[in-house]
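Engineer: I have a structure here, written as structure tokens, and I will follow up with some questions on it.
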Amino acid sequence: MNETLKIIFATVAILAGIASIIIVLGNAEYIIASLSLTFGVLAIIWTLTAHGSLSPGSSLRSYTAYFLACLVFVLIYSVWNNAITIFNITGYLSYLEYLFVTIAYLLFVSAAYKIYSIGKEFGFQKEAGKIKMVMEKKKNRR
Amino acid sequence: MVFKIKVEYKKKLSKLKEYVVLATVDAESYQEANLALVKHLTQGEKIPGVYVTLNKPCKTMAGLFKRSGIDTRMILFIDAVTKTAGGKLEKSDNCLYIGNPENLSDISIAMDQAVMALPSKEKFVFFDSLNTLLLFNSLSTVARFVHFLASKMRAWSVKGIIITLEKRAHKELIDELNQYCDLKIDF
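Listed in order, the protein sequences are those of chains R and F. Using numbering that gives the first Met the number 0, the first residue of the first sequence is number 0, and each one after it goes up by one. Using numbering that gives the first Met the number 0, the first residue of the second sequence is number 0, and each one after it goes up by one.
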């Protein structure tokens, strides 16, 4: 019951937040930009919480650090992109967004490589296959 | 010792398909109890499983098991005692080296992956041992970890055994942990 109430309150709060953003900003572009930033910040908060709960030196903690860096650069890119539109930024400063998005993609590649390594380190499928063979052999012998 | 364990098993656990047991042993019979329990699971019940060692290196345990006639091909080892180069994870044959007993996150992930990979409905998880975990982690961390481990063992539907040395200093903790487990067996 408590969990259901929590979900209901959280849903109402999110909907109220979205509604207030729509009412206050009015402009569709600003609304989408604000919502994207809100979700970006939420993603960063959750990742930071996860990073804090995991054991120091663990593989998953190191992966969350890469993922956090990706999120931060995606958010910076998003903020800069919106700033360009809102403040009519021109010249070389407008090209900074390309730098941010490139760094974000490079970090995504690093994070993907990290999760690939985690998969290789923690994956037991090959070993499990051997166990299956041993069990089948034992079954056949009986 | 083997006979005693078998009687305990038959009496208390034979009817259960899945359970979480806190097994307390004294220092002298610790090794014997470990071997007898694993032998019972792999040979008596013929089920594969995961052996998490925080006490002795995986190679030493595998050697001991082989000498006791235990088929190590039925076991996936998770070794948190052997130091690896740079404290990084390494894998060889059927053993994953975590490199650090403080790294509870990696131990948990490794256990989850190993249990889920096992190709059998019935499987076991053997955690050796709780008192070693206490040497590297605080009491509250260990208590929280065991609570997590017990609930995970239930979710995995495995025969879970958490072994610990009977120590007066940890009596309160053992009593507290007892409530997370289905049964406490003293060997």
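For every residue, glycine included, the Cβ atom is placed at its ideal position computed from N, Cα and C. Quick caveat, the model's predicted, so the values are computed rather than measured.
What did DSSP end up calling Lys170/F once you bin it into helix, strand or coil?
Structural biologist: helix
Engineer: When DSSP builds the beta bridges, which residues end up paired with Ser91/F?
Structural biologist: Cys94/F
Engineer: Residue range of the alpha helix (DSSP H) that Lys129/R falls in?
Structural biologist: 124-140
Engineer: Would you say Ala110/R faces chain F, with C-beta separation under 7 Å as the test?
Structural biologist: no
Engineer: Closest to Gly122/R by C-alpha separation, out of Asp127/F, Ile173/F, Leu75/F, Lys65/F, would be which residue?
Structural biologist: Leu75/F
Engineer: Using a Cβ-Cβ cut-off of 7 Å, state whether Arg66/F counts as contacting chain R.
Structural biologist: no
Engineer: Please identify, using Cβ separations under 9 Å, the residues of the segment 133-167 of chain F that lie next to chain R, in order along the chain.
Structural biologist: none
Engineer: Do you know whose CA, among Ile69/F, Val51/F, Met115/F, lies nearest Leu95/F's CA?
Structural biologist: Checked all of Ile69/F, Val51/F, Met115/F; the closest Cα to Leu95/F is Val51/F.
Engineer: Would you say Lys5/R reaches chain F, if we count a Cβ-Cβ gap shorter than 7 Å as a contact?
Structural biologist: no
Engineer: From Ser93/R to Ala42/R, what distance separates their C-alpha atoms?
Structural biologist: 26 Å
Engineer: Run through the segment 7-87 of chain F for me and flag every whole alpha helix (DSSP H) of 4 or more residues, listed as ranges in chain order.
Structural biologist: The qualifying runs are 29-38, 57-66.
Engineer: Starting from Lys131/R, find everything on chain F with Cβ-Cβ shorter than 7 Å and list it in chain order.
Structural biologist: Pro118
Engineer: Just to confirm the assignment, what range does the beta strand (DSSP E) spanning Lys183/F have?
Structural biologist: That run of the beta strand (DSSP E) goes 182-185.
Engineer: Cβ closer than 9 Å: which chain R residues qualify as neighbours of Asn93/F?
Structural biologist: Phe123, Glu126, Lys129, Ile130
Engineer: Give the interface partners of Leu47/R over in chain F, defined as CB-CB distance under 9 Å, in chain order.
Structural biologist: Ordered by position in chain F, no residue passes the 9 Å Cβ test against Leu47/R, which lies about 16 Å from the chain.
Engineer: Measure the C-alpha to C-alpha separation of Ile145/R and Ser52/R and round it to an integer number of angstroms.
Structural biologist: As shown, chain R starts at 0 and ends at 141. That puts residue 145/R outside it, with no answer to give.
Engineer: When the distance is taken between beta carbons, is Ser33/R closer than 7 Å to Asp105/F?
Structural biologist: no
Engineer: Between the Cα of Ala68/R and the Cα atoms of Leu4/R, Leu47/R, Ile31/R, which residue gives the shortest distance?
Structural biologist: Leu47/R
Engineer: For Gly143/R, tell me which candidate among Ala142/F, Asp111/F, Ser119/F, Val24/F has the shortest Cα-Cα distance.
Structural biologist: Outside the displayed span of chain R (0 to 141) sits residue 143/R, for which this structure offers no information.
Engineer: Under 8 Å, with one C-beta from each stretch per pair, do the segment 121-129 of chain F and the segment 37-47 of chain F reach the 3-pair mark?
Structural biologist: Contact between the segment 121-129 of chain F and the segment 37-47 of chain F is present, because at least three Cβ pairs lie under 8 Å.
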